[in-house]
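One structure is given below, encoded as C-alpha cells.
Number of protein chains: 2
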Amino acid sequence: MAALAGSGANTVNEPSPAPQPTEASAAKAVSGVDLHQMRRQRLNPDERRQQIFVCAQKLFNENPYEDVSATDIAAAAGVARGLINHYFGNKRNLYLEVIRISSTVSAVAVARLPEGSLEERIDLAVDWFLDSLEKSGTSWLALGSGSMGRDPDLETILIAAENDSIELLIEACGLAGRTEGREQIRAMFRIYAQLARSGGREWLLRKTLTRPQVHALLASTLAVIVEKAVPAV
Amino acid sequence: MAALAGSGANTVNEPSPAPQPTEASAAKAVSGVDLHQMRRQRLNPDERRQQIFVCAQKLFNENPYEDVSATDIAAAAGVARGLINHYFGNKRNLYLEVIRISSTVSAVAVARLPEGSLEERIDLAVDWFLDSLEKSGTSWLALGSGSMGRDPDLETILIAAENDSIELLIEACGLAGRTEGREQIRAMFRIYAQLARSGGREWLLRKTLTRPQVHALLASTLAVIVEKAVPAV
DNA sequence: AGGACTATTGACAACGTGTCAATAGCTGGC
DNA sequence: GCCAGCTATTGACACGTTGTCAATAGTCCT
Chain A
38 MAALAGSGAN
48 TVNEPSPAPQ
58 PTEASAAKAV
68 SGVDLHQMRR
78 QRLNPDERRQ
88 QIFVCAQKLF
98 NENPYEDVSA
108 TDIAAAAGVA
118 RGLINHYFGN
128 KRNLYLEVIR
138 ISSTVSAVAV
148 ARLPEGSLEE
158 RIDLAVDWFL
168 DSLEKSGTSW
178 LALGSGSMGR
188 DPDLETILIA
198 AENDSIELLI
208 EACGLAGRTE
218 GREQIRAMFR
228 IYAQLARSGG
238 REWLLRKTLT
248 RPQVHALLAS
258 TLAVIVEKAV
268 PAV
Chain B
38 MAALAGSGAN
48 TVNEPSPAPQ
58 PTEASAAKAV
68 SGVDLHQMRR
78 QRLNPDERRQ
88 QIFVCAQKLF
98 NENPYEDVSA
108 TDIAAAAGVA
118 RGLINHYFGN
128 KRNLYLEVIR
138 ISSTVSAVAV
148 ARLPEGSLEE
158 RIDLAVDWFL
168 DSLEKSGTSW
178 LALGSGSMGR
188 DPDLETILIA
198 AENDSIELLI
208 EACGLAGRTE
218 GREQIRAMFR
228 IYAQLARSGG
238 REWLLRKTLT
248 RPQVHALLAS
258 TLAVIVEKAV
268 PAV
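What follows is the structure, encoded as C-alpha cells:
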C-alpha cells in the first residue's frame with residue numbers, strides 16, 4: 038500500500054482521547070537513524086485496542102479493503118502485527134468493526150421533526166440528510182451494495198445501521214402509525230435509501246449535479262413513494 | 038473455497054461452442070484412482086482462453102472475488118495455474134473481463150419502444166427492465182456501487198455498461214431531444230438506475246416485495262423524475 | 001526490591017500471487 | 001512415417017499476506 042497522509046475527514050465516535058499513532062511508528066517510518074531503542078510501552082487493553090482501531094479506521098477510509106494489509110495497520114499503530122489478531126481475531130473482523138461504526142453516521146440525531154405539511158417535512162428531512170452527508174464525508178458513500186447478497190456479515194451490519202435512519206424517515210413521513218404492511222414499507226424506504234445514497238454520490242463524488250438538483254430529485258421521489266407506492270401495499 | 042456445483046444461471050455471450058471443463062478436471066476432482074497419466078492436450082489459444090474464461094465466470098458468479106483463488110479457477114479448468122497469468126495477466130484482470138461481459142446484460146435489446154403516453158411507455162420500460170432482471174439472474178444485482186469511487190477500472194466498466202441502458206431509458210422517456218442539460222439528465226437516470234437495481238434486490242434477493250409492488254414504485258418514481266426533477270435543470 | 005500477571009512481541013507454517021525457464025504436444029516438410 | 005521447429009503448457013521459485021503461539025518484558029502490588 039502506498040503510504041499517504043490524507044486529511045482523515047470522518048472519524049466518528051471517538052470515546053477515548055484519541056491516542057496519537059505513537060512516536061514509535063513515526064520514528065520507524067521517518068528514518069533509520071533514530072534508534073533510541075524505543076522502550077515498548079504497555080497500555081491497558083482498552084486503550085491499545087482503541088488506538089489500533091483508530092489507525093485501522095483511517096486506513097480503511099482512505100483505501101479499499103484488500104489494499105490495506107495487517108502490516109500497514111500495525112505499522113501505523115506502531116505495534117506488532119500479532120497484536121491485531123490478539124485484539125480483533127482477524128483482519129476482516131477489524132474491518133467489520135470499522136464499518137459498523139462508520140455506517141452509524143446519520144442515525145445520531147434528527148432532533149425535532151417539525152409539524153407541517155408532508156411536503157415541508159420531506160423537504161426538511163432531505164435537507165437534514167444532505168447536511169449529514171456533507172459532514173460525514175465521502176467514505177460512507179462508497180460503502181454498500183457491492184457485496185449484497187454475498188457477504189452476510191457485512192450485509193447485516195449495513196442493514197442494521199440503515200434501519201435507524203429508515204425508521205426515522207418513516208416517522209418523518211407520518212407513516213409511524215401504519216402497522217400492517219410494515220415490513221414492506223421498510224423495504225420501500227430501504228430502496229429509497231439507495232436512491233439517496235446514489236444521489237449523494239453524484240453530488241459529492243462525481244460532482245455532476247448541484248445540491249439543489251439532488252434535493253429536488255430526492256424530495257419529489259420520496260413524496261411520490263409515500264403517496265403512490267406505499268398505499269399500494 | 039467450498040466446491041459446489043450450482044446451476045450457473047447466466048452465461049452471456051458465448052462465442053465459441055463452450056468447451057466443457059475437460060475430462061482432465063473431472064478425473065482429478067473425482068478420485069485419485071484414475072491415473073492414466075492424463076496426456077495434457079494442447080488447444081489453440083482462443084479455445085483455451087475461452088475455456089478458462091467460462092470456468093472463471095462460473096466461479097465468480099457463485100462466490101465473491103477474494104474467495105475464488107487462481108488455483109480454484111485453474112483446477113476447474115483442469116489446467117496449470119500459470120496459464121491463467123499467461124492468458125489474462127493477473128487474476129484481477131480476468132475478473133474485470135468477466136464483469137465486463139456479465140454487466141452487458143440488458144443492453145441487448147429493447148426492440149421497439151412503442152408509441153403512447155408517457156405513463157404507458159414508462160410502464161413498459163419498467164416491465165422490460167424487470168423481465169431482463171429476472172432472466173439475467175441475481176449475480177448482476179450484487180454488482181455495483183460497493184467500490185465506487187475507489188476502484189477506477191471497475192467503475193468505468195460498470196458505468197460504460199450502464200450507460201447503454203440509461204440512454205435507452207432516456208429515449209423511452211421521450212427525452213432524447215434534450216441537449217442542454219444532457220450530462221445532468223444522465224446523472225439523474227444513473228441515480229434512478231440505482232433505485233431500480235435496489236428494487237430488484239428487494240424483489241429477487243430479499244423477497245420482501247412482490248413484483249407488482251416494485252413495479253409500482255419504479256414506475257411512479259421514474260414518472261416524477263421526468264416530470265419534476267428533469268425540468269429543474 | 002522482587003514476584004506475579006499479562007500485554008506485547010517475533011518467528012513459524014500455510015497459503016496466494018506473478019514470473020520464467022524448461023518441457024512436451026502438435027504441425028508441416030521431407 | 002518421421003523428424004525438427006514452434007509454442008502451448010507446465011512446475012518451481014521468490015515474495016507478500018495471514019493467523020498462531022510460545023517466549024519476552026513492562027507494570028503493579030506487596
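Residue numbers (our numbering), protein chains in the order written: chain A, 38 to 270; chain B, 38 to 270. Idealized CB from N, CA, C, for every residue including glycine.
- Query: For the segment 244 to 260 of chain A against the segment 235 to 253 of chain B, are there 3 or more C-beta pairs whose distance is under 8 angstroms?
  - Reply: The answer is no - the segment 235 to 253 of chain B does not touch the segment 244 to 260 of chain A, with fewer than three Cβ pairs under 8 angstroms.
- Which word fits G237(A), buried or exposed, when buried means at least 16 other C-beta atoms lie within 10 angstroms of its C-beta? Position 200 of the first sequence, counted from the start, is the residue given in the question as residue 237(A). Counting Cβ neighbours within 10 Å, G237(A) comes out buried, since at least 16 surround it.
- What residues of chain B sit near S154(A), judged by a beta carbon separation below 9 angstroms? On the first sequence, residue 154(A) is found 117 positions in, with the first residue counted as 1. By Cβ distance, chain B contributes nothing, its closest Cβ being about 17 angstroms from S154(A), past 9 angstroms.
- Query: If we call anything under 7 angstroms between Cβ atoms a contact, is I228(B) one with S202(A)?
  - Reply: Position 191 of the second sequence, counted from the first residue, corresponds to residue 228(B). Position 165 of the first sequence, counted from the first residue, corresponds to residue 202(A). The beta carbons of I228(B) and S202(A) sit no closer together than 7 angstroms.
- Which residues in the same chain have their Cβ closer than 6 angstroms to the Cβ of V91(B), if we skip the five residues on either side of it in sequence? Stepping through the second sequence from its first residue, residue 91(B) is reached at position 54. Cβ within range, chain order: n/a, list empty.
- Query: Given that a residue counts as buried once 16 or more other Cβ atoms are within 10 Å of its Cβ, and exposed if not, what is D168(A)?
  - Reply: Position 131 of the first sequence, counted from the start, is the residue given in the question as residue 168(A). Around the C-beta of D168(A), fewer than 16 other C-beta atoms lie within 10 Å, and the residue is accordingly described as exposed.
- Query: Quick one, are the C-beta atoms of V267(B) and I207(B) less than 7 angstroms apart?
  - Reply: For the purposes of this step, residue 267(B) is taken as the residue at position 230 of the second sequence. For the purposes of this step, residue 207(B) is taken as the residue at position 170 of the second sequence. Going by C-beta atoms, V267(B) is not nearer than 7 angstroms to I207(B).
- Task: Measure the beta-carbon distance from K128(A) to A162(A) and round it to whole angstroms, keeping in mind my assumption that it falls under 8 angstroms.
- Result: Position 91 of the first sequence, counted from the start, is the residue given in the question as residue 128(A). Position 125 of the first sequence, counted from the start, is the residue given in the question as residue 162(A). Approximately 37 angstroms separates the beta-carbon atoms of K128(A) and A162(A); this is outside 8 angstroms, ruling out the contact.
- Report yes if the C-beta distance between A230(B) and E199(B) is below 7 angstroms; otherwise report no. Position 193 of the second sequence, counted from the first residue, corresponds to residue 230(B). Position 162 of the second sequence, counted from the first residue, corresponds to residue 199(B). Pairing A230(B) with E199(B) gives a Cβ-Cβ distance under 7 angstroms.
- Query: What's the C-alpha gap between L29(B) and A253(B)?
  - Reply: There is no way to answer for residue 29(B), as the model of chain B reaches only from 38 to 270.
- Kindly provide the ranges of any alpha helix (DSSP H) runs that are 4 or more residues long and lie completely inside the segment 160 to 246 of chain A, ordered along the chain. Fully enclosed alpha helix (DSSP H) runs of 4 or longer: 176 to 179, 189 to 209 and 219 to 237.
- Task: Confirm, please, whether the CB-CB distance from V261(B) to S140(A) is below 7 angstroms.
- Result: Position 103 of the first sequence, counted from the first residue, corresponds to residue 140(A). Position 224 of the second sequence, counted from the first residue, corresponds to residue 261(B). Contact flag unset, no.
- Hey, does I110(B) have any beta-carbon neighbour from chain A nearer than 7 angstroms? As a first step, residue 110(B) must be located in the second sequence, where it is residue number 73. No Cβ of chain A is located within less than 7 angstroms of the beta carbon of I110(B).
- If we call anything under 7 angstroms between Cβ atoms a contact, is I194(B) one with I136(B)? Here the question's residue 194(B) lines up with position 157 in the second sequence. Here the question's residue 136(B) lines up with position 99 in the second sequence. Yes, they are a contact pair.
- Query: Quick one: is S235(B) near chain A, going by C-beta distance under 7 angstroms?
  - Reply: Taking the second sequence and counting its residues from 1, the one referred to as residue 235(B) is at position 198. Yes, contact with chain A.
- Task: Within 10 angstroms of the Cβ of G119(B), are there 16 or more other Cβ atoms? Answer buried if so, exposed if not.
- Result: By one-based count along the second sequence, residue 119(B) stands at place 82. By the 10 Å Cβ count, G119(B) comes out exposed.
- Item | Through-space distance from E171(B) to D164(B), alpha-carbon basis | Looking up residue 164(B) in the second sequence gives position 127. Looking up residue 171(B) in the second sequence gives position 134. Cα to Cα, D164(B) sits roughly 11 angstroms from E171(B).
- Query: Where do the N-terminal and C-terminal ends of the alpha helix (DSSP H) with K95(B) fall, by residue?
  - Reply: Mapped onto the second sequence, residue 95(B) falls at position 58. Per DSSP, K95(B) belongs to the alpha helix (DSSP H) from P82 to E99.
- Item | N- and C-terminal bounds of the alpha helix (DSSP H) containing G119(B) | As a position in the second sequence, residue 119(B) is number 82, starting the count at 1. First-last of the alpha helix (DSSP H) with G119(B): R118 to F125.
- Task: Just the chain A side, please: which residues come within less than 7 angstroms of T245(B) by C-beta, in chain order?
- Result: By 1-based counting over the second sequence, the position of residue 245(B) is 208. Close partners of T245(B) in chain A (Cβ separation under 7 angstroms): E220, Q221 and A224.
- Message: Taking 7 angstroms as the threshold (C-beta atoms), are Y102(A) and Y334(A) in contact?
- Response: Here chain A comprises residues numbered 38 to 270, so residue 334(A) is not present and cannot be evaluated.
- Along chain A, in chain order, which residues have C-beta atoms closer than 8 angstroms to that of D188(B)? The sequence position of residue 188(B) within the second sequence is 151, counting from 1. From the beta-carbon of D188(B), the residues of chain A found nearer than 8 angstroms are P101.
- Task: Locate the alpha helix (DSSP H) running through S139(A), then write down its first and last residues.
- Result: For this step, residue 139(A) is matched to residue 102 along the first sequence. Start and end: K128 to S139.
- Would a check of beta-carbon distances place A66(A) closer than 7 angstroms to chain B? For the purposes of this step, residue 66(A) is taken as residue 29 along the first sequence, with counting starting at 1. Any reading at A66(A) needs caution, since the residue's pLDDT is 38, under 50, leaving its predicted position unreliable; the model's value is listed next. Taking Cβ atoms only, chain B never reaches closer than 7 angstroms to A66(A), which makes this a no.
- Query: Can you list the residues of chain A that E239(B) reaches, using a CB-CB cut of under 7 angstroms?
  - Reply: Sequence index remark: in the second sequence, residue 239(B) carries index 202 (1-based). Counting only Cβ-Cβ distances below 7 angstroms, E239(B) has contacts in chain A at A224, R227 and I228, in chain order.
- Among R77(B), N130(B) and A112(B), which residue has its Cα nearest to the Cα of D188(B)? In the second sequence, residue 188(B) corresponds to position 151, counting from 1. With distances taken between Cα atoms, D188(B) lies closest to N130(B).
- Message: I'd like the list of long-range same chain contacts for Q94(A), defined as Cβ closer than 8 angstroms, with 5 residues on each side in sequence excluded.
- Response: On the first sequence, residue 94(A) is found 57 positions in, with the first residue counted as 1. Residues T48, V135, I138 and S139 of the same chain have their beta carbon placed closer than 8 angstroms to that of Q94(A), with the five preceding and five following residues left out of the count.
- Task: Counting only the same chain and skipping the five closest in sequence on each side, list residues whose C-beta sits under 6 angstroms from that of G214(A).
- Result: Taking the first sequence and counting its residues from 1, one reaches residue 214(A) at position 177. In its chain, beyond the 5 residues on either side, no residue has a beta carbon closer than 6 angstroms to the beta carbon of G214(A).
- Task: Can you grab the Cα-Cα spacing for the pair A209(B) / E264(B), in whole Å?
- Result: Stepping through the second sequence from its first residue, residue 209(B) is reached at position 172. Stepping through the second sequence from its first residue, residue 264(B) is reached at position 227. The straight-line gap from Cα to Cα measures roughly 14 angstroms.
- Task: Taking L178(B) and L241(B) to be in contact with their CB atoms under 8 angstroms, please state how far apart those CB atoms are, rounded to whole angstroms.
- Result: Along the second sequence, read from residue 1 onward, the residue named residue 178(B) stands at position 141. Along the second sequence, read from residue 1 onward, the residue named residue 241(B) stands at position 204. Indeed, because the Cβ distance is near 7 angstroms, the residues count as touching under 8 angstroms.
- Return the Cβ separation of A224(A) and E239(B) in integer angstroms, given the expectation that the two are a contact with Cβ distance under 8 angstroms. The sequence position of residue 224(A) within the first sequence is 187, counting from 1. The sequence position of residue 239(B) within the second sequence is 202, counting from 1. That pair is a contact at about 5 angstroms.
- Message: For K7(A), would you say it is in contact with chain B, using Cβ-to-Cβ distances shorter than 7 angstroms as the test?
- Response: In the structure as shown, chain A begins at 38 and stops at 270. Residue 7(A) is therefore absent and cannot be evaluated.
- Message: With a threshold of 7 angstroms between beta carbons, is V163(B) in contact with chain A?
- Response: Walking along the second sequence from the start, residue 163(B) turns up at place 126. No, its Cβ sits nowhere closer than 7 angstroms to a Cβ of chain A.
- Query: Which chain B residues sit within Cβ distance under 7 angstroms of T258(A)?
  - Reply: The residue labelled residue 258(A) in the question sits at position 221 within the first sequence. Result: T258, V261 and I262.
- What distance in whole Å lies between the Cβ atoms of L155(B) and G211(B), which are believed to be in contact at a cut-off of 8 angstroms? Here residue 211(B) refers to the residue found at position 174 of the second sequence. Here residue 155(B) refers to the residue found at position 118 of the second sequence. Your pair G211(B) and L155(B) checks out as a contact, with CB atoms roughly 7 angstroms apart and the cut at 8 angstroms.
- Message: Does the CB of Q94(B) have a neighbour CB from chain A at under 7 angstroms?
- Response: As a first step, residue 94(B) must be located in the second sequence, where it is residue number 57. Answer no: the Cβ-Cβ gap between Q94(B) and chain A never drops below 7 angstroms.
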